[in-house]
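Chemist: Mind looking over this structure? Questions follow.
As structure tokens, then:
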């Protein structure tokens, strides 16, 4: 597959992005991540990602077609008045001394419901949208992003005020990490992107607490 964004372009974009990060760009690792029932989240659990008013937006996550894509692979955060959520599971990529998932643990994030027929996987990934020059969060694989570059790396979760936010580290390196926030491109919601501004904050609710994905309240 021929990518419009070459490895040299990718290196330049990564360098430009990383060098714009604040020198105080640090995280606190090793703290238990609690769900809305104040219980630690685990790899074997299924969770709804619920936005909080602590962040700059308060909408659910959804999958949409963006640009020329014919497949809904881009993750957007939409208006808060929609209460239907896509559940996810978290898979630890390294062995730790903790059974639960703690802040800073490299993880895979995967939607467990409503998988589009046009993708093989609903695991989160980062791709570079060459039109808007943003590092965006999506699902699927290289076949879903013709002419675009997928960035190798891992996700983790960090504390953000009274909530949590997602972080992506290029190639799993703690030296090249970015918070995930949103970018409004007039697509019915804000794209999740790598950014040091407009960070999106969430809490996690175990799915057995609700019926049919309909969140009635947040403890």
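Residue numbers (this note's numbering): 66 to 284. Heads up, the beta-carbon is just placed ideally off N, CA and C, and yes, glycines get one too.
Quick one: residues in its chain with C-beta nearer than 6 Å to the C-beta of residue 127, no 5 flanking neighbours on either side, listed in chain order?
Modeler: In the chain shown, residue 127 corresponds to position 62, counting from 1. Counting only Cβ-Cβ distances below 6 Å, and skipping sequence neighbours, we find 141, 143.
Chemist: Could you tell me the boundaries of the beta strand (DSSP E) in which residue 267 lies?
Modeler: Translated into the one-based positions of the chain shown, residue 267 becomes position 202. Run containing residue 267: 267–271, per the beta strand (DSSP E) assignment.
Chemist: Determine the burial state of residue 135: buried for a count of at least 16 other Cβ atoms within 10 Å of its Cβ, exposed for fewer.
Modeler: Here residue 135 is taken as the residue at index 70 of the chain shown, counted from 1. It is exposed - the Cβ of residue 135 has fewer than 16 other Cβ atoms within 10 Å.
Chemist: Could you tell me which uninterrupted beta strand (DSSP E) segments, each at least 3 residues in length, are contained entirely in the region 170–249, listed from first to last along the chain?
Modeler: Listed in chain order, they are 172–176, 190–194, 199–203, 214–216, 218–225, 228–235, 242–249.
Chemist: DSSP three-state label for residue 158, please.
Modeler: Taking the first residue of the chain shown as position 1, residue 158 is located at position 93. Residue 158 falls in the coil class under three-state DSSP.
Chemist: Out of curiosity, what's the CA-to-CA distance linking residue 291 and residue 195?
Modeler: Nothing in the structure corresponds to residue 291, since the chain is present only between 66 and 284.
Chemist: If you count every other CB in all the chains shown that lies within 10 Å of the CB of residue 272, and 16 or more means buried, which is it?
Modeler: On the chain shown, position 207 is the one that residue 272 refers to. Looking at its Cβ environment, which holds 16 or more other Cβ atoms inside 10 Å, residue 272 is buried.
Chemist: In terms of alpha-carbon separation, which member of 193, 183, 243 lies closest to residue 208?
Modeler: Counted from its first residue, the chain shown places residue 208 at position 143. The shortest Cα separation from residue 208 among 193, 183, 243 belongs to 183.
Chemist: Only counting the same chain, and skipping five residues up and downstream in sequence, which positions put a Cβ closer than 6 Å to that of residue 120?
Modeler: Residue 120 sits at position 55 when you count from the first residue of the chain shown. Any answer about residue 120 is weak, because its pLDDT of 46 lies below 50 and its placement is not dependable; what the coordinates show is given next. Hits under 6 Å: 265, 266.
Chemist: May I have the straight-line CA-CA distance separating residue 94 from residue 151, to the nearest angstrom?
Modeler: Counting from one through the chain shown, the residue named residue 94 turns up at place 29. Counting from one through the chain shown, the residue named residue 151 turns up at place 86. Taking the straight line joining both Cα atoms gives about 27 Å.
Chemist: Determine the direct distance from the alpha carbon of residue 161 to that of residue 256, and round the result to whole angstroms.
Modeler: Translated into the one-based positions of the chain shown, residue 256 becomes position 191. Translated into the one-based positions of the chain shown, residue 161 becomes position 96. For residue 256 and residue 161, the distance between alpha carbons rounds to 32 Å.
Chemist: Can you grab the Cα-Cα spacing for the pair residue 168 / residue 220, in whole Å?
Modeler: Taking the chain shown and counting its residues from 1, the one referred to as residue 168 is at position 103. Taking the chain shown and counting its residues from 1, the one referred to as residue 220 is at position 155. The straight-line gap from Cα to Cα measures roughly 11 Å.
Chemist: Rounded to a whole number of angstroms, what is the C-alpha to C-alpha distance between residue 233 and residue 243?
Modeler: The residue given as residue 233 occupies position 168 in the chain shown. The residue given as residue 243 occupies position 178 in the chain shown. Between residue 233 and residue 243, the C-alpha separation is close to 5 Å.
Chemist: Note the first and the last residue of the continuous beta strand (DSSP E) segment covering residue 112.
Modeler: One-based indexing of the chain shown puts residue 112 at position 47. Unbroken beta strand (DSSP E) run through residue 112: 112–116.
Chemist: CB-CB under 8 Å to residue 157, same chain, minus the five flanking residues each way: which ones, in chain order?
Modeler: Your numbering for residue 157 matches position 92 in the chain shown. Contacts found: 108, 166, 170, 171, 172.
Chemist: Looking at C-alpha atoms only, which residue of 258, 188, 227, 225 is the closest neighbour of residue 199?
Modeler: Indexing the chain shown from 1 puts residue 199 at position 134. Residue 199 has its Cα closest to that of 258, out of 258, 188, 227, 225.
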